[in-house]
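Notes follow once the structure below has been shown.
Number of protein chains: 2
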Amino acid sequence: MKHQDYMKIALEEARQALSEGEVPVGAVIIKDGVILARAHNRKEAQHDPTAHAELLAIQQACRQQKDWRLDGCTLYVTLEPCAMCASAMTQARLSTLVYGTLDEERGAVESRGRLLADNLYNHVMEVYGGFCEEEAKNLLEVFFKSIRDRCNQVSLAD
Amino acid sequence: MKHQDYMKIALEEARQALSEGEVPVGAVIIKDGVILARAHNRKEAQHDPTAHAELLAIQQACRQQKDWRLDGCTLYVTLEPCAMCASAMTQARLSTLVYGTLDEERGAVESRGRLLADNLYNHVMEVYGGFCEEEAKNLLEVFFKSIRDRCNQVSLAD
Numbered sequence: 032m033k034h035q036d037y038m039k040i041a042l043e044e045a046r047q048a049l050s051e052g053e054v055p056v057g058a059v060i061i062k063d064g065v066i067l068a069r070a071h072n073r074k075e076a077q078h079d080p081t082a083h084a085e086l087l088a089i090q091q092a093c094r095q096q097k098d099w100r101l102d103g104c105t106l107y108v109t110l111e112p113c114a115m116c117a118s119a120m121t122q123a124r125l126s127t128l129v130y131g132t133l134d135e136e137r138g139a140v141e142s143r144g145r146l147l148a149d150n151l152y153n154h155v156m157e158v159y160g161g162f163c164e165e166e167a168k169n170l171l172e173v174f175f176k177s178i179r180d181r182c183n184q185v186s187l188a189d
Numbered sequence: 032m033k034h035q036d037y038m039k040i041a042l043e044e045a046r047q048a049l050s051e052g053e054v055p056v057g058a059v060i061i062k063d064g065v066i067l068a069r070a071h072n073r074k075e076a077q078h079d080p081t082a083h084a085e086l087l088a089i090q091q092a093c094r095q096q097k098d099w100r101l102d103g104c105t106l107y108v109t110l111e112p113c114a115m116c117a118s119a120m121t122q123a124r125l126s127t128l129v130y131g132t133l134d135e136e137r138g139a140v141e142s143r144g145r146l147l148a149d150n151l152y153n154h155v156m157e158v159y160g161g162f163c164e165e166e167a168k169n170l171l172e173v174f175f176k177s178i179r180d181r182c183n184q185v186s187l188a189d
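Residue numbers (the numbering used here), protein chains in the order written: chain A, 32 to 189; chain B, 32 to 189.
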């Protein structure tokens with residue numbers, strides 16, 4: 032399977048998040064062609080600001096491996112990671128990050144900071160952006176449009 | 032109670048981590064004088080690179096409040112937070128951070144970056160460092176000395 036194929040699975044997770052009323056972001060972790068973890072954003076459902084797709088996937092993969100080291104693993108995520116998730120990836124010693132669309136507001140890999148380039152934890156990760164970018168972006172636009180529509184309905188009803 | 036008194040509770044948590052063979056870091060979250068959460072680093076026990084004292088305390092406080100927003104809360108932690116934890120704090124909208132000793136290797140508040148000053152998430156947090164600094168630092172030194180001694184014993188036995 033290619034990067035795009037794994038990103039399609041991350042997109043399935045993002046669609047699941049959308050159906051649950053969460054910001055649609057999905058993540059998958061792979062090692063030697065085997066899926067160790069797949070997860071989607073569950074911040075609202077879990078009342079947990081740390082329940083981003085990437086953190087949940089890292090936690091799941093570590094439980095599966097019974098090890099906090101994820102050397103040799105690749106994490107696919109539909110949205111550029113925030114500083115919390117990018118930092119967690121380096122601490123998990125992930126080998127590769129592949130992400131979809133940019134997060135101009137919170138992205139800490141390319142948009143609002145370059146945390147992985149800073150080599151903060153003496154760990155070097157390969158990073159590739161822009162995979163399945165349009166699909167990932169469209170899902171986010173659908174979500175934020177639905178939020179705006181709901182706000183407009185509420186203000187019209189006032 | 033004063034900042035120092037809450038930091039003493041965070042230090043109790045750090046001592047608990049030390050007794051479990053973990054890097055000794057402890058954290059406490061307070062709102063209106065009430066302790067919402069207390070936790071210590073459990074990275075090795077949980078096989079989880081995200082199981083830092085601060086993240087566990089944030090998750091615990093959010094479960095207790097049934098809300099991912101921790102407005103009006105203060106987080107006390109014995110060691111300067113890393114980028115993962117500092118970013119999680121802003122996303123949880125914590126009001127105040129009080130920390131103990133500096134982490135020259137990974138600290139993302141003052142030592143190796145100034146993530147909270149960058150205002151990455153349009154959230155302003157009050158930050159105070161250096162509380163109970165010596166006690167927090169001593170615990171870390173005891174831990175790292177024990178690791179070095181163990182390594183030396185192993186190499187002597189070779």
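Here a beta-carbon is modelled for each residue, glycine too, at the ideal position from N, C-alpha and C.
Contacts between M115 of chain A and chain B, judged by CB atoms closer than 7 Å, involve M115, S118, A119 and Q122 in chain order. Using a CB distance below 9 Å, the part of the stretch 70-89 of chain B facing chain A consists of K74, E75, Q77, H78, D79, P80, T81, A82, H83, L86 and I89, ordered along the chain. Under the three-pair Cβ rule at 8 Å, the stretch 155-172 of chain A does not count as touching the stretch 108-125 of chain B.
Secondary structure of L147 of chain B (DSSP, three-state): coil. Remark: fewer than three beta-carbon pairs, one from each stretch, lie closer than 8 Å, so the stretch 59-75 of chain A and the stretch 36-48 of chain B are not flagged as touching.
As summarised for the stretch 46-118 of chain B, the continuous alpha helix (DSSP H) elements at least 4 residues long and confined to that stretch are 74-77 and 84-96, given in chain order. Taking a 10 Å sphere around the C-beta of A167 of chain A, we find 16 or more other C-beta atoms and assign the residue as buried. Within the same chain, and ignoring the five residues on either side of E51 of chain A in sequence, the residues whose Cβ sits closer than 7 Å to its Cβ are A76.
Distance from the Cα of I66 of chain A is smallest, within the candidate group A:G131, A:E85, A:E136 and A:A92, for A:A92. When only Cα atoms are considered, P112 of chain A and A188 of chain B end up about 45 Å apart. Boundaries of the beta strand (DSSP E) harbouring V129 of chain B: T127 to T132, taken from the DSSP string. Taken through DSSP and simplified to helix, strand or coil, Y152 of chain A comes out as coil. Its Cα nearest to that of L49 of chain A, the residue A:T109 stands out among A:S186, A:N183 and A:T109. C-alpha of K176 of chain A to C-alpha of V56 of chain A: approximately 16 Å in a straight line. In this structure, A139 of chain A keeps its C-beta atom at 7 Å or more from the C-beta atom of P80 of chain B. Among the bridge pairs identified by DSSP, V158 of chain A is matched with A:L128. Annotated as proximal: A58 of chain A and A84 of chain A, with beta-carbon spacing under 7 Å.
Between T105 of chain A and H154 of chain A, the C-beta gap is not smaller than 7 Å, which leaves the two residues out of contact. Per DSSP, reduced to three states, the secondary structure at K168 of chain B is helical.
C93, R94, Q96, K97, D98, W99, R100 and L101: these are the residues of the stretch 91-104 of chain A whose beta carbon lies less than 9 Å from some beta carbon of chain B, given in chain order.
Sequence-distant partners of F162 of chain A (beyond 5 residues in either direction) whose C-beta falls short of 8 Å from its own C-beta, in its chain, are H34, Q35, M38, Y107, V129, Y130 and G131.
When DSSP states are grouped into helix, strand and coil, C163 of chain B belongs to the coil group. A residue is called buried once 16 or more other Cβ atoms fall within 10 Å of its Cβ, and E53 of chain A is buried on that count. Taking 7 Å as the cut-off, the beta carbon of H78 of chain A is found no closer than this to the beta carbon of K62 of chain B. The distance from the Cβ of S126 of chain B to that of G103 of chain B is about 5 Å, consistent with a contact at the 8 Å cut-off.
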